[in-house]
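This report concerns only the one structure given below.
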Amino acid sequence: MAEEFEQQWKRVLDMFTERFGKTPNMEAILFLIGAQELGNMKKKWTKEQKQDLMHVATCTLLSQSGYFELEGYDKDGWPHFKEAQPVPKMSMPEQERFLQEHIIAYFDDQEGR
């Protein structure tokens with residue numbers, strides 16, 4: 002099971018590396034998912050907007066497992082979420098693995114569309 006996970010995660014990282022020429026860290030992946038969800042790939046973002054994009058990505062990812070629900074969009078087109086159930090308490094390595102699993106599922110779903 003761990004080997005399968007590692008292969009799936011490597012596939013996601015390879016996809017980003019092919020597209021952007023370097024392997025991204027978790028923050029960069031979340032930023033790009035957030036920008037994709039917002040539907041806006043503008044060149045310049047403020048630090049606060051970058052944080053908001055990572056929040057959008059995290060909520061989007063965790064909505065796959067029912068932890069968040071999309072409430073709607075504001076006048077600027079930004080999605081807003083509400084917590085549907087608390088995310089379990091985890092150590093940092095467990096959190097990273099949890100997010101990685103959700104990122105893999107997100108891109109698997111994107112390919113299936």
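Under this note's numbering, the first residue of the sequence shown is numbered 2, with each subsequent residue one higher. All residues carry an ideal CB built from backbone N, CA and C; glycine is no exception.
Worksheet item: Considering only residues of the same chain and omitting the five flanking positions on each side of G35, which have a CB-CB separation below 6 Å?
Response: L54, M55, V57, A58
Worksheet item: In three-state DSSP terms, what is G67?
Response: Here G67 sits in coil by DSSP.
Item to complete: Return the CA-CA distance between I105 and K76, expressed in angstroms with no decimal places.
Response: 31 Å
Worksheet item: Below 8 Å, can you find three or more Cβ-Cβ pairs linking the stretch 35 to 53 to the stretch 82 to 95?
Response: no
Discussion item. Could you tell me the alpha carbon to alpha carbon distance between R20 and N26, rounded to whole angstroms?
Written reply: About 14 Å.
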